[in-house]
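As you go down the protein sequences, you meet chains A and B in turn.
Numbering follows this note's numbering, with no gaps: position 19 of the first sequence is 19.
Numbering follows this note's numbering, with no gaps: position 59 of the second sequence is 59.
Yeah, the Cβ is synthetic: ideal placement off N, Cα and C, and Gly gets one too.
I have placed the structure first, in the form of structure tokens, so that the comments after it can refer back to it.
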Amino acid sequence: SQTIHQWPATLVQPVGSPLSLECTVEGTSNPNLYWYRQAAGRGLQLLFYSVGIGQISSEVPQNLSASRPQDRQFILSSKKLLLSDSGFYLCAWRVTSGNTIYFGEGSWLTVV
Amino acid sequence: QQPVQSPQAVILREGEDAVINCSSSKALYSVHWYRQKHGEAPIFLMILLKGGEQKGHDKISASFNEKKQQSSLYLTASQLSYSGTYFCGTLDTGRRALTFGSGTRLQVQP
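Here you go:
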């Protein structure tokens with residue numbers, strides 16, 4: 001069966017520091033991968049999605065970037081965090097031929 | 001453009017029914033419903049594909065009217081475990097990622 005792992009689960013970072021969140025999907029190949037962000041008490045905002053290695057689509061211009069170095073690995077990065085980057089970051093996946101999108105456990109980021 | 005959900009919040013007593021609506025200004029390929037508990041990731045409930053289908057699971061069901069670009073989630077005989085925030089996600093033709101509504105906070109009280 002397919003599983004998705006996301007880490008770290010929580011982190012507190014100072015303003016201006018770098019960020020790296022990692023997501024890995026197991027049990028499938030060539031999945032579609034997504035990064036969403038949820039500010040406190042708000043909805044889910046799509047940040048990036050990828051349909052294959054090295055193929056990244058950005059939905060919202062900001063100081064975040066995403067990379068997909070391997071088929072089932074998706075990384076969210078920032079060189080310098082802002083206070084407004086705080087939130088709940090969710091990685092999600094979907095089989096290429098499927099419709100259902102499943103979320104990972106999420107990562108809580110607090111920028112101080 | 002994100003779909004519009006209504007109501008924003010609803011409070012129920014156990015055993016009561018609720019309806020959550022989701023509408024889009026774009027032609028839709030599918031509508032996806034999720035429930036999120038506080039501090040947790042959203043959990044997939046069901047997906048409705050274009051064709052005007054209706055689905056159900058236990059006491060939770062949903063409908064999708066593709067002509068009106070609307071979907072509704074029906075919760076009958078609500079249980080305490082139904083509490084949480086419900087999100088609809090829409091996939092319009094040509095896109096590969098879900099766009100989510102702002103959510104409906106549902107609270108079921110004893």
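How is residue i classed by DSSP in three states: helix, strand or coil?
{"i": "L75 of chain B", "result": "strand"}
{"i": "D92 of chain B", "result": "strand"}
{"i": "L83 of chain A", "result": "helix"}
{"i": "L44 of chain A", "result": "coil"}
{"i": "F67 of chain A", "result": "Contrary to the premise, residue 67 of chain A reads as Ser rather than Phe in this sequence. DSSP places S67 of chain A in strand when its eight states are reduced to three."}
{"i": "L33 of chain A", "result": "strand"}
{"i": "S81 of chain B", "result": "helix"}
{"i": "G52 of chain A", "result": "strand"}
{"i": "Q40 of chain B", "result": "Checking the sequence, you will find Glu at residue 40 of chain B rather than Gln. Note: E40 of chain B maps to coil in three-state DSSP."}
{"i": "R35 of chain B", "result": "strand"}
Apart from the five residues on each side of it in sequence, which residues of its chain come closer than 6 Å, Cβ to Cβ, to residue i?
{"i": "S57 of chain A", "result": "Y49"}
{"i": "S24 of chain B", "result": "P3, Q69, T90"}
{"i": "T10 of chain A", "result": "W108"}
{"i": "Y34 of chain A", "result": "Y49, A92"}
{"i": "K37 of chain B", "result": "G84"}
{"i": "L21 of chain A", "result": "L76, Y89, S107"}
{"i": "G16 of chain A", "result": "K80"}
For residue i, count neighbouring Cβ atoms within 10 angstroms of its own Cβ and tell me buried if that reaches 16, exposed if not.
{"i": "P18 of chain A", "result": "exposed"}
{"i": "I101 of chain A", "result": "buried"}
{"i": "L106 of chain B", "result": "buried"}
{"i": "S72 of chain B", "result": "buried"}
{"i": "N32 of chain A", "result": "buried"}
{"i": "T3 of chain A", "result": "exposed"}
{"i": "I47 of chain B", "result": "buried"}
{"i": "V111 of chain A", "result": "buried"}
Excluding the 5 residues flanking residue i on each side, which residues of the same chain have their C-beta closer than 7 Å to its C-beta?
{"i": "P8 of chain A", "result": "S107"}
{"i": "T76 of chain B", "result": "D17, K59"}
{"i": "S83 of chain B", "result": "L106, Q107, V108"}
Determine which residues share a DSSP beta bridge with residue i and list them.
{"i": "N65 of chain B", "result": "B:Q70"}
{"i": "V111 of chain A", "result": "A:Q13"}
{"i": "C103 of chain B", "result": "Note that residue 103 of chain B is Gly in the sequence shown here, rather than Cys. DSSP lists no partner for G103 of chain B."}
{"i": "I4 of chain A", "result": "A:V25"}
At least 3 beta-carbon pairs within less than 8 Å: the stretch 80-87 of chain A vs the stretch 24-36 of chain B:
Contact between the stretch 80-87 of chain A and the stretch 24-36 of chain B is absent: fewer than 3 CB-CB pairs across the two stretches fall below 8 Å.
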